[in-house]
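These protein sequence lines map, in sequence, to chains A, B and C.
Residue 194 in our numbering is what sits at position 184 of the first sequence, and the numbering runs on without skipping anything.
Residue 155 in our numbering is what sits at position 149 of the second sequence, and the numbering runs on without skipping anything.
Residue 330 in our numbering is what sits at position 350 of the third sequence, and the numbering runs on without skipping anything.
All C-beta atoms, glycine included, are put in the ideal place defined by N, C-alpha and C.
Since this is a predicted model, take the numbers as computed values, not measurements.
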Amino acid sequence: MTSTVNTVLPAGSPPPAARPGAGRRARRPLSDIALPYLMLLPAVALMVALLGWPALQVIAISFRKLDLGELVRGEIKWVGLDNYANVLNDPEFWVIALRTAVFTVTVVLSTLLVGLGIAVLMRHLSTWVRISLQVCLVLAWATPIVATTTVFQWMFDQEYGILNKTLVLLGFDSFKGHSWFASGGSTLTVIGLLVLWQAVPFIAFTLYAGLLSTPKDLYEAAAIDGATGWQAFRAVSWPSLRPLLMLVTFLSVLWDFKVFAQVWAIRQGGPDGQSTTLPVLLYLKGIAGSHFGVSAAVAVLMLIILVAVTWRYMRLLVRSPETEL
Amino acid sequence: MLRKTPAQRVALAVFGLVIAVVFLFPTYWMFTTALKTPAQILSPDYDLIPLSATLENFGNAIAKPGFSTFLTNSLIVTLGSVVFALVAGLLAAVPLARMRFRGRKGFILLVLVSQLAPLEALFVPMYLIMRDADLLNSLWGLLLVYVAFTLPFTVWTLRGFVKGIPIELEEAAMVDGCGRWGVFRRVTLPLLGPGLVATSVFSFITAWNEFLYALVFMRDQDKLTLPVWLSSFRTAFGTDWGGIMAASVIYAVPALIFFLLLQRKLVGGATAGAVKG
Amino acid sequence: MRSWSKAMVGGMAVALAVAGCAGSGSGSGSGTSSAAPSGPRTLTVWLMNGSAPATLTDALHKKFQETHKDVTVKYEVQQWNGIQQKLTTALSGNDAPDVIEIGNTQAPKFASEGVLADLTASTGDFNGANWLSSLKDSGNWDGKQYAIPFYAANREILYRKDMFAEAGIAAPPTSRQEWLDAITKLKAKFGSDPNFQALYLPGQNWYTLLSFIYDEGGDIAKKDGTKFTATLDSAEAKKGLEFYKQLIDASGTKAPKDADEQTPEQAGIYGGGKVAMIVALPWEVATAAKSDPTIKDKTSAFPIPSKDAGKTAPVFQGGSNLAIPANSKDQDLAKDYLKLISTDEYQGQFAKAGMIPGTSKDVSALQADPVNAAMAKASTNGKAVPATPGWATIEAGQNPIKDMLTAYLTGAKTIDAATSDANAALNKAFSGS
């Protein structure tokens, strides 16, 4: 919708340091042309140096044999596609990839639903209830992972866990001694809950912030026009939420696909490797097994999967009116 | 806003509180565990509400050698990276959202793509880069790494928020005689409030919790950060669970304070949006 | 890393943690260099958190700097968590430490990669005749010695003297049958208490299983040069596994079948006072005493009994090795350090702290405490896991032996299916891909 105002926009609209009243597009002084680049410089320099460059090196490493010995001696041994062959020829890899995908989709969808629900809810709560809710959310978000993984393991412990104890107390006797970590599916469900619990606060806060930055008078206008709650949401909230929602979906896909610490801490990818996801595989090959070349190949394959999944969205973002001025 | 009946209000409040309790529970469980003695932690009794409490774990955690050093290091690195990420992120977000220049789409793509790589895979090349730049064992080096980790997100989110501000508002302010800087300061910045809060809380928590890079990059014991300290509760001869939980509670406090300080802004941003319709 | 950390050390003050370590001004304060005459040379030593007692390192570093006037020992205590990543990066740096401690189950990975200095020619200098054989094997790759023993520990059975007496058990069991009989007697005496457990044994205490398998004459794998082939599907291994199940069934333990002895921490449960026996390391008594200080005096220990009366079962030995990184700038100096630390004088400190010294046969200091004495008795028959770099991923956490135990104990798999699955998984890990 903003694309329609394209031409109205001053060339370098509201940046700090721009000289007031500097010329419109017709005459652009050099400083105006350089300005956006200067403003981008710090961020781009850091991202290129500390994310882009290491990522390129990972790609290069994926074509090398890089075990601990080569790393320590600084040797460079090119092995072509051996690492990829090694990974892809293991039928287990495909099982793990599929499992990771299912896990990601499930967690992302549930996180978004819960997060959006809470964001909308926050808007309708009285101040003190809202702040209590927000404090609880921040606590969940800010609790260190070493503590959350431990607490979840205890809550779900077979004998001493509060969950089984409570279920038995409520009369569900079959949960006495029930093992939540006996199968991969059940283990991943617990991990998914843990990830969801810590991811929802961020989503809820971001979407809530998005709702808030919708000017209030628009709601008032909608109310005057006699809109119901749902209509007001569709007409007023949704347009400003939609890009944010796409953003958090995109980010959630990235994060949940790459989540490692929680998966590892709960059961190290067990039992029988049934909760092993791609980041766990990456860890096993790399840090645990010291086959950094193979591990880099897994990382590149993860990257390819992520690009394939998010490509449409990224293209949409780069090409669509959303990014037009 | 739409009006609600009292019954609706109560129902909403109850619903909101139920959700709050659900989200609080694991944290609550961590907190009550921190109040338990070792024997109570593994007690077969039903203890949803702690049967007795001790502050011993908290005392032990704070008394652990180095706590204040690590706390200071963590605060420096975390707050520093939050500020850096916000400044650099906002500087980049404005042109990406509002200016026309060559290569803009390329930059947008860069921001998007740089979030794809798994950080666990980057640590070996990253270590070599930091070593060559002589930034190992330096809080500055760690700070820069955290800025880099949070920047793509910060830039992207802030760009979204800048775009979300109706351009008409800025134009109206222009017409009212504000200069560009004035428009930015009086209209754009206040409207960005919630976005700035959301991104800085994000940066804060990311940097505050980061363990792997802090561990690998820091050699001197007096340069370690709190997450590394937290891991010292697991020793060879067992894990001090009560201690870990108490330390985690202490550990979560600064993040909470940070949020509470900013939470007024989260509300303030919205009302400021009505300035000059 | 886990068995490693579990198998480590004990008895001394927790304060060893992070920065604290000593601060005693004797030159062992972590992160700080000593007060010794500042010379041109620095020796960087990395030992693990909770490893060598401060009494050892303080005296050692004082002595070392007396004999090496121009040298400063930079002693840095490392955390277990993330040590893999830390070592990987540090070893490849141009500022690699000069002496490192590595867990014995990880030593083969480092040894086989050629990132450690070859110490074969110097074994004589390091008290080589008195080495603990299991740790010697861990540091040996393809006939060359890359890491020397440091210290070790092995599991034993901690039991409540008072409960044994009340149940009318005259002497600690010395055979499997007597062990089972003791369980029966304990249950007869205390079984009316629903929370009582004659033996607390979680489903995934695989170190205990290893003892039973060794006792039957089996092993995890058989060695051929540097190659290992898993042998968990052997008749001996199956017998060991069956006895494990027999113990679980006989004792009616409430311990989870899907977790190991650390989740929840078994010493804490033992400390709760309703458990008569656990299979544990000696210093778990101290952990239990945190719940109940009186439990220390009520506890004694006996070695894991063999199926043959009067013998003790062989045990898995966990511990640490010492090594010199190939990138160390001053390897001769580092060797001097190893020479000093492997003398009886300093190794004796381990025995005093309740651990098995790695390069000394003198375990007399362990005899003073019956809990330590039981460990020492079994230690002569100690074994290590296969010395193959392929063990690294198993060590990291994906342990097929644990999965095998849970699957068999919960009835999810038959004994044949469980053992053959685990065997296949082990062979895959050994193949190192």
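#1: Can you give the Cα-Cα distance for residue 377(C) and residue 278(A), rounded to whole angstroms?
#2: Would you check if the distance between the CB atom of residue 208(B) and the CB atom of residue 156(B) is smaller than 8 Å?
#3: Could you tell me whether the Cβ atoms of residue 290(A) and residue 270(A) are closer together than 8 Å?
#4: If you reduce the DSSP assignment to three classes, tell me which class residue 304(C) lands in.
#5: Pick from 10(B), 137(B), 205(B) and 144(B): whose alpha carbon is nearest that of residue 89(B)?
#6: For residue 240(B), return the contacting residues in chain C, with the cut-off set at a CB-CB distance below 7 Å.
#7: Whole-angstrom Cβ separation of residue 316(C) and residue 78(C), contact assumed at under 8 Å?
#8: Where does the unbroken alpha helix (DSSP H) through residue 210(A) begin, and where does it stop?
#9: For the region 292 to 325 of chain C, enumerate the residues whose C-beta is nearer than 7 Å to any C-beta of chain A, in chain order.
#10: Which of the residues in the region 213 to 224 of chain B, read from start to end, lie with their CB under 8 Å from any CB of chain C?
#11: So what does DSSP say about residue 111(C), is it helix, strand or coil?
#12: Sorted by chain position, which residues of the same chain lie with C-beta nearer than 8 Å to residue 68(A)'s C-beta, five sequence neighbours on each side aside?
#13: Looking at chain B, which residues of the region 155 to 171 of chain A have a Cβ within less than 7 Å of any of its Cβ atoms?
#14: Within this structure, are the beta carbons of residue 113(B) and residue 50(A) separated by less than 8 Å?
#15: Which same chain residues, not among the five before or five after residue 324(A), have their C-beta less than 6 Å away from its C-beta?
#16: Is the shortest distance between the beta-carbon of residue 89(C) and the beta-carbons of chain A less than 8 Å?
#17: Quick check on the DSSP output: the beta strand (DSSP E) that includes residue 26(C) runs from which residue to which?
#18: I want to see whether chain C comes within less than 8 Å of residue 191(A), judged by CB atoms only; does it?
#19: With 7 Å as the C-beta to C-beta threshold (strictly closer), list the residues of the region 190 to 218 of chain A near chain C in chain order.
#20: To be precise: take each residue of the region 79 to 101 of chain A, compare its Cβ to all Cβ atoms of chain C, and keep it if any distance is under 8 Å. Which residues remain?
#21: By the 10 Å Cβ neighbour count, where 16 or more other Cβ atoms means buried, how is residue 74(C) classified, buried or exposed?
#22: Which residue from 54(C), 263(C), 381(C) and 288(C) puts its Cα closest to that of residue 354(C)?
#23: Does the region 323 to 339 of chain C come within contact of the region 32 to 49 of chain C, defined as at least 3 CB pairs closer than 8 Å?
#24: Can you check whether the C-beta of residue 151(B) is within less than 8 Å of a C-beta belonging to chain A?
#25: For residue 202(C), does the three-state DSSP call read helix, strand or coil?
#26: What did DSSP end up calling residue 23(B) once you bin it into helix, strand or coil?
#27: For chain A, is any of its Cβ atoms less than 8 Å away from the one on residue 35(B)?
#28: In terms of residue numbering, what span does the alpha helix (DSSP H) encompassing residue 315(C) cover?
#29: Straight-line CA distance for residue 27(B) to residue 263(A)?
#30: Please report how far the alpha carbon of residue 275(C) lies from the alpha carbon of residue 359(C), in whole angstroms.
#31: Can you pull the chain B residues whose beta carbon is under 7 Å from the beta carbon of residue 103(A), in chain order?
#32: Are residue 74(A) and residue 296(A) closer than 8 Å when you measure CB to CB?
#33: Closer than 7 Å by C-beta to residue 89(C): which residues in its own chain qualify, once you throw out the five before and the five after it? Chain order, please.
#34: By the criterion of Cβ-Cβ separation under 9 Å, what are the contact partners of residue 128(A) in chain B?
#35: Give the interface partners of residue 65(C) over in chain B, defined as CB-CB distance under 8 Å, in chain order.
#36: Does the beta carbon of residue 279(B) sit closer than 8 Å to a beta carbon anywhere in chain A?
This is what the structure gives:
#1: In the third sequence, residue 377(C) corresponds to position 397, counting from 1. In the first sequence, residue 278(A) corresponds to position 268, counting from 1. The alpha-carbon atoms of residue 377(C) and residue 278(A) are separated by roughly 6 Å.
#2: Mapped onto the second sequence, residue 208(B) falls at position 202. Mapped onto the second sequence, residue 156(B) falls at position 150. Closer than 8 Å, so yes.
#3: Locating residue 290(A) in the first sequence gives position 280, counting from the first residue. Locating residue 270(A) in the first sequence gives position 260, counting from the first residue. Contact: yes.
#4: As a working mapping, residue 304(C) is identified with position 324 in the third sequence. Residue 304(C): coil per DSSP, three-state reduction.
#5: Taking the first residue of the second sequence as position 1, residue 89(B) is located at position 83. Among 10(B), 137(B), 205(B) and 144(B), the Cα nearest to that of residue 89(B) is on 205(B).
#6: Here the question's residue 240(B) lines up with position 234 in the second sequence. Result: 60 and 61.
#7: Mapped onto the third sequence, residue 316(C) falls at position 336. Mapped onto the third sequence, residue 78(C) falls at position 98. Actually they are not in contact, since the Cβ atoms of residue 316(C) and residue 78(C) sit about 10 Å apart, beyond 8 Å.
#8: Residue numbering aside, residue 210(A) sits at position 200 when the first sequence is read from its first letter. Looking at the DSSP string, the run of the alpha helix (DSSP H) that includes residue 210(A) is 194 to 222.
#9: 306 and 307
#10: 217, 218, 221 and 222
#11: Here residue 111(C) refers to the residue found at position 131 when the third sequence is read from its first residue. If DSSP states are grouped into helix, strand and coil, residue 111(C) belongs with coil.
#12: Residue 68(A) sits at position 58 when you count from the first residue of the first sequence. Answer for residue 68(A): 306, 309 and 310, listed in chain order.
#13: 155, 156, 157, 158, 160, 161, 162, 165 and 170
#14: Locating residue 113(B) in the second sequence gives position 107, counting from the first residue. Locating residue 50(A) in the first sequence gives position 40, counting from the first residue. Taking 8 Å as the Cβ cut-off, residue 113(B) and residue 50(A) qualify as a contacting pair.
#15: Indexing the first sequence from 1 puts residue 324(A) at position 314. Excluding positions up to five away in sequence, the list is empty.
#16: In the third sequence, residue 89(C) corresponds to position 109, counting from 1. Cβ-Cβ to chain A under 8 Å: yes for residue 89(C).
#17: Residue 26(C) sits at position 46 when you count from the first residue of the third sequence. Run containing residue 26(C): 21 to 28, per the beta strand (DSSP E) assignment.
#18: Along the first sequence, one-based indexing puts residue 191(A) at 181. So yes, residue 191(A) belongs to the interface.
#19: 191 and 192
#20: 79, 81, 82, 83, 84, 96 and 100
#21: Position 94 of the third sequence, counting from 1, holds the residue named residue 74(C). Residue 74(C) is exposed by the Cβ-count criterion.
#22: Here residue 354(C) refers to the residue found at position 374 of the third sequence. Nearest C-alpha to residue 354(C): 263(C).
#23: yes
#24: Translated into the one-based positions of the second sequence, residue 151(B) becomes position 145. It does: the Cβ of residue 151(B) has a partner Cβ on chain A nearer than 8 Å.
#25: By one-based count along the third sequence, residue 202(C) stands at place 222. Strand at residue 202(C).
#26: Taking the second sequence and counting its residues from 1, one reaches residue 23(B) at position 17. Helix, per DSSP.
#27: The count along the second sequence starts at 1 and reaches residue 35(B) at position 29. Taking Cβ atoms only, chain A reaches closer than 8 Å to residue 35(B), which makes this a yes.
#28: Within the third sequence, the letter at position 335 stands for residue 315(C). Run containing residue 315(C): 311 to 321, per the alpha helix (DSSP H) assignment.
#29: Start at 1 with the first residue of the second sequence, and residue 27(B) comes out as number 21. Start at 1 with the first residue of the first sequence, and residue 263(A) comes out as number 253. Between residue 27(B) and residue 263(A), the C-alpha separation is close to 27 Å.
#30: Counting from one through the third sequence, the residue named residue 275(C) turns up at place 295. Counting from one through the third sequence, the residue named residue 359(C) turns up at place 379. Their backbone Cα atoms lie some 25 Å apart in a straight line.
#31: Counted from its first residue, the first sequence places residue 103(A) at position 93. Near residue 103(A) there are no residues of chain B at all, since even the closest Cβ is about 16 Å away, more than 7 Å.
#32: Within the first sequence, numbered from 1, the residue matching residue 74(A) stands at position 64. Within the first sequence, numbered from 1, the residue matching residue 296(A) stands at position 286. In this structure, residue 296(A) does not lie closer than 8 Å to residue 74(A) by Cβ.
#33: On the third sequence, residue 89(C) is found 109 positions in, with the first residue counted as 1. Excluding positions up to five away in sequence, the list reads 369 and 372.
#34: Within the first sequence, numbered from 1, the residue matching residue 128(A) stands at position 118. Residues of chain B passing the Cβ test: 22, 25 and 29.
#35: The residue labelled residue 65(C) in the question sits at position 85 within the third sequence. 129, 218, 221 and 222, listed in chain order.
#36: Along the second sequence, read from residue 1 onward, the residue named residue 279(B) stands at position 273. Summary for residue 279(B): the model assigns pLDDT 35, below 50, so the residue's position carries little reliability, and this model does not support an answer.
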